[in-house]
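Undergrad:
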Amino acid sequence: MDRGLRLLHLVADAPGGLTVTEAANRLGIGRAAVYRLVGALTGHGMLRRDGEGRLRLGAGVLHLARRAQPLLAEGALPALRRLAEQAGATAHLTVVEGGEGVAIAVVEPSWTSFHVAYRTGARHPLERGAAGRAILAGRSGAAGPVSSAGELQSGAYGVAAPVLGVPGLEASVGVVALAPLDTDAVGAQVLAAAQAIATALA
Numbered sequence: 051m052d053r054g055l056r057l058l059h060l061v062a063d064a065p066g067g068l069t070v071t072e073a074a075n076r077l078g079i080g081r082a083a084v085y086r087l088v089g090a091l092t093g094h095g096m097l098r099r100d101g102e103g104r105l106r107l108g109a110g111v112l113h114l115a116r117r118a119q120p121l122l123a124e125g126a127l128p129a130l131r132r133l134a135e136q137a138g139a140t141a142h143l144t145v146v147e148g149g150e151g152v153a154i155a156v157v158e159p160s161w162t163s164f165h166v167a168y169r170t171g172a173r174h175p176l177e178r179g180a181a182g183r184a185i186l187a188g189r190s191g192a193a194g195p196v197s198s199a200g201e202l203q204s205g206a207y208g209v210a211a212p213v214l215g216v217p218g219l220e221a222s223v224g225v226v227a228l229a230p231l232d233t234d235a236v237g238a239q240v241l242a243a244a245q246a247i248a249t250a251l252a
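Per our numbering, the very first residue in the sequence shown carries number 51; after that it's consecutive.
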């Protein structure tokens with residue numbers, strides 16, 4: 051089982067996929083053993099081969115990820131509620147799915163007259179908006195807040211930070227508002243929420 055899980059992680063971390071030989075070399079095992087692992091994981095939909103025969107993640111991984119999202123959202127809600135109230139802005143937890151950012155939990159502030167309506171399930175490219183760019187920054191270990199202005203919606207401002215330290219999770223927590231945000235003050239609140247969520251989910 052350990053080898054199969056290691057193989058899944060290797061394939062997940064290889065944007066161009068892996069050949070069986072590459073997988074065997076990285077795992078330090080023979081090709082025959084990799085073929086057996088591939089057969090079992092392919093049978094369960096966890097791996098697939100592309101047109102060139104390279105190993106890629108299968109749809110079964112997405113199925114498991116979708117099943118885990120409600121648990122992630124539930125664990126993040128207390129920190130998101132606190133963040134929305136402190137910042138007076140809509141707070142959200144965004145995860146990576148299929149190369150995009152997907153909001154899996156959204157909390158609106160209770161005391162503001164106006165706020166951004168941001169729905170659970172909203173998708174956007176990782177390169178656009180604070181939430182996606184925070185995830186990209188987190189890939190290189192950067193923990194600081196990222197801000198955006200009008201990248202996803204005209205007149206919307208965002209601040210987000212990556213959620214670090216949770217194995218297998220690429221996520222960010224952030225806020226979005228209809229007016230410019232104090233990046234220092236809100237950035238500190240977002241960082242505190244990211245740490246609280248990481249602690250809750252670890």
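Note that beta-carbon positions come from the ideal geometry of N, C-alpha and C, so glycine has one too.
The model shown is predicted, which means the values in this text are computed figures rather than measured ones.
(1) Between the region 226 to 237 and the region 127 to 146, can you find at least three pairs of beta-carbon atoms closer than 8 Å?
(2) Is the Cβ-Cβ distance between V223 and A243 less than 7 Å?
(3) Near L35, what residues of its chain come up, given a Cβ to Cβ distance below 6 Å and the 5 sequence neighbours on each side ignored?
(4) At which residue ranges does the region 176 to 230 contain complete alpha helix (DSSP H) runs of 4 or more residues, listed in the order of the chain?
(5) Just reading off the beta strand (DSSP E) that L133 is part of, what are its end residues?
(6) Give every residue of the same chain whose Cβ lies closer than 7 Å to the Cβ of L68, excluding the five residues on either side of it in the sequence, and list them in chain order.
(7) Among the candidates R53, A153, R56, S197, whose CA atom is the shortest distance from the CA of P120?
(8) Is V166 helix, strand or coil when you go by DSSP?
(9) Name the one or two DSSP bridge partners that G156 has.
(10) Is R98 helix, strand or coil when you go by DSSP?
(11) Can you tell me which residues form a DSSP beta bridge with H174?
(12) Evaluate Y85 with the Cβ neighbour count: other Cβ atoms within 10 Å of its Cβ, from every protein chain shown; 16 or more gives buried, anything less gives exposed.
(13) Does the beta-carbon distance from V213 to I247 come in below 7 Å?
(14) Measuring alpha carbon to alpha carbon, tell me which residue in V240, R189, E201, A199 is nearest E220.
(15) Which whole-angstrom value describes the C-beta separation of L107 and L97, a residue pair presumed to lie in contact below a C-beta threshold of 8 Å?
(16) Using a Cβ-Cβ cutoff of less than 8 Å, which residues in the same chain neighbour G125 once the five nearest sequence positions on both sides are dropped?
(17) Please report the straight-line C-alpha distance between R116 and D234, rounded to a whole angstrom.
(18) Threshold first: 3 residues or longer. Then list the beta strand (DSSP E) segments lying entirely within the region 67 to 99, N to C.
(19) Less than 7 Å between the beta carbons of L176 and A211, yes or no?
(20) Please state the DSSP three-state secondary structure of R106.
TA: This is what the structure holds:
(1) yes
(2) One-based indexing of the sequence shown puts residue 223 at position 173. One-based indexing of the sequence shown puts residue 243 at position 193. The answer is yes: Cβ separation under 7 Å.
(3) Here the chain has residues from 51 to 252 only, and residue 35 is not among them.
(4) 180 to 189
(5) On the sequence shown, residue 133 is found 83 positions in, with the first residue counted as 1. Element bounds for L133: not the beta strand (DSSP E) but the alpha helix (DSSP H), 109 to 137.
(6) As a working mapping, residue 68 is identified with position 18 in the sequence shown. The residues are L60, V61, R104, L105.
(7) By 1-based counting over the sequence shown, the position of residue 120 is 70. Among R53, A153, R56, S197, the Cα nearest to that of P120 belongs to A153.
(8) In the sequence shown, the residue the question calls residue 166 occupies position 116. If DSSP states are grouped into helix, strand and coil, V166 belongs with coil.
(9) Numbered from its first residue, the sequence shown carries residue 156 at position 106. The sequence given here places Val at residue 156; Gly does not occur at that position. H142.
(10) Taking the sequence shown and counting its residues from 1, one reaches residue 98 at position 48. If DSSP states are grouped into helix, strand and coil, R98 belongs with the strands.
(11) As a first step, residue 174 must be located in the sequence shown, where it is residue number 124. H174 pairs with G151.
(12) Taking the sequence shown and counting its residues from 1, one reaches residue 85 at position 35. It is exposed - the Cβ of Y85 has fewer than 16 other Cβ atoms within 10 Å.
(13) Stepping through the sequence shown from its first residue, residue 213 is reached at position 163. Stepping through the sequence shown from its first residue, residue 247 is reached at position 197. The answer is yes: Cβ separation under 7 Å.
(14) Here the question's residue 220 lines up with position 170 in the sequence shown. Cα-wise, what sits closest to E220 is R189.
(15) Position 57 of the sequence shown holds residue 107. Position 47 of the sequence shown holds residue 97. Confirmed, about 7 Å.
(16) In the sequence shown, counting from the first residue as 1, residue 125 sits at position 75. For G125, where only same-chain residues beyond five positions count, the Cβ hits under 8 Å are I247, A250, L251.
(17) Counting from 1 along the sequence shown, the entry for residue 116 is found at position 66. Counting from 1 along the sequence shown, the entry for residue 234 is found at position 184. Those two C-alpha atoms are separated by around 34 Å.
(18) 97 to 99
(19) For the purposes of this step, residue 176 is taken as the residue at position 126 of the sequence shown. For the purposes of this step, residue 211 is taken as the residue at position 161 of the sequence shown. Taking 7 Å as the Cβ cut-off, L176 and A211 do not qualify as a contacting pair.
(20) If you number the sequence shown from 1, residue 106 lands on position 56. The answer is strand: DSSP assigns R106 an E or B state.
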